[in-house]
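Comments concern the structure below.
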Amino acid sequence: MSLQATVNSKIPNSITIHTYKEDVTGDGQTDTILLKAIPFSNDSAYYQKIWAVIKDSHSKEWKIQYEGGYEPTLQFYDLNHDKITDIYYQSPTGGSGGLYNYQLNTLKNGKLKEIPLPTQRYVKGKFMDNFKAVLSLTPRSKEISINVKDRSEDYIRLGLYSENGDLLKPTTLMIDPIAFYEPVLISKSKGYGLKSYQQISGAYHADQLGTIETLWYYEKGKWIILTTEWVPSDQ
Numbered sequence: 115m116s117l118q119a120t121v122n123s124k125i126p127n128s129i130t131i132h133t134y135k136e137d138v139t140g141d142g143q144t145d146t147i148l149l150k151a152i153p154f155s156n157d158s159a160y161y162q163k164i165w166a167v168i169k170d171s172h173s174k175e176w177k178i179q180y181e182g183g184y185e186p187t188l189q190f191y192d193l194n195h196d197k198i199t200d201i202y203y204q205s206p207t208g209g210s211g212g213l214y215n216y217q218l219n220t221l222k223n224g225k226l227k228e229i230p231l232p233t234q235r236y237v238k239g240k241f242m243d244n245f246k247a248v249l250s251l252t253p254r255s256k257e258i259s260i261n262v263k264d265r266s267e268d269y270i271r272l273g274l275y276s277e278n279g280d281l282l283k284p285t286t287l288m289i290d291p292i293a294f295y296e297p298v299l300i301s302k303s304k305g306y307g308l309k310s311y312q313q314i315s316g317a318y319h320a321d322q323l324g325t326i327e328t329l330w331y332y333e334k335g336k337w338i339i340l341t342t343e344w345v346p347s348d349q
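What follows is the structure, given as structure tokens:
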């Protein structure tokens, strides 16, 4: 075997992970969506390159590039409420934070566009005296008080608090980006929205205090918050 043949045998080929049949162009005809990928190596579960190829009934094609990850999937919902099914991609990154790569695209009338996913812009949190922390979800919402006394021994060891509960240095909470989006049915009349999950940690990432769960709805070209809720990790 030549050196070139040996090298080529080690380069993973592209594979088709899944084939979907959906009308994503809005012409009333079923389109074929191929989710394709190239593994990092022949024995790896991680896909370094992932993309979708969409073929309509007239043999026209579009290609969507995605971020790499594990176990990629496509889901099909009308999330922007234009009565045409959108293409929703998700894939775990494999990191310790439980993060996913996401992308939402629309192919209405054959025009491929990406719809940015919602982000929490206003979440802020910090430690306070007496083994407490406060968290603000929106500029106008009342601060949420978090009792962290059950972690006092660890925080004293880290030099965050004194033994009598005085905060020794100003310290903010760790605000993760949104880790997970879940399409959810808002109502039969309104259709689908997204539910997001965002982890809040204390002195270090594994020091999980809780999760912000937010319900989003796409309206007039932007995401609006329907509800947002703080769920402590001990619930």
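With this note's numbering as the guide, the letters of the sequence shown map in order to residues 115 to 349. We put the beta carbon where it would ideally sit given N, CA and C, even for glycine.
If you follow the alpha helix (DSSP H) that residue i is in, where does it begin and where does it stop?
{"i": "Ile-270", "result": "266-271"}
Mind checking who residue i pairs with in its DSSP beta bridge?
{"i": "Gln-322", "result": "Ser-315"}
{"i": "Asp-248", "result": "According to the sequence provided, residue 248 is Val. The question's Asp does not apply to it. Per DSSP, Lys-240 and Ser-259."}
{"i": "Thr-285", "result": "Answer by DSSP bridge pairing: none, since Thr-285 is not bridged."}
{"i": "Phe-294", "result": "Tyr-311"}
{"i": "Asp-145", "result": "Glu-136"}
{"i": "Glu-228", "result": "Asn-219"}
For residue i and residue j, what's the separation of their Cα atoms in angstroms?
{"i": "Ile-338", "j": "Trp-330", "result": "6 Å"}
{"i": "Asn-261", "j": "Tyr-202", "result": "38 Å"}
{"i": "Lys-174", "j": "Lys-309", "result": "34 Å"}
{"i": "Leu-188", "j": "Tyr-216", "result": "10 Å"}
{"i": "Pro-206", "j": "Leu-213", "result": "6 Å"}
{"i": "Ile-314", "j": "Thr-144", "result": "42 Å"}
{"i": "Leu-282", "j": "Glu-267", "result": "14 Å"}
Can you tell which of the options has its C-alpha closest to the C-alpha of residue i?
{"i": "Ile-292", "options": "Leu-299, Tyr-311, Tyr-306 and Leu-281", "result": "Tyr-311"}
{"i": "Pro-153", "options": "Val-345, Ile-131, Gly-273 and Glu-343", "result": "Ile-131"}
{"i": "Ser-171", "options": "Val-138, Asn-278 and Ser-205", "result": "Val-138"}
{"i": "Pro-346", "options": "Lys-304, Tyr-134, Ile-300 and Val-248", "result": "Val-248"}
{"i": "Glu-327", "options": "Thr-286, Gly-182, Gln-234 and Asn-156", "result": "Gln-234"}
How far does the beta strand (DSSP E) with residue i in it extend, from its first residue to its last?
{"i": "Ser-205", "result": "200-206"}
{"i": "Tyr-216", "result": "214-220"}
{"i": "Glu-175", "result": "175-180"}
{"i": "Glu-136", "result": "129-136"}
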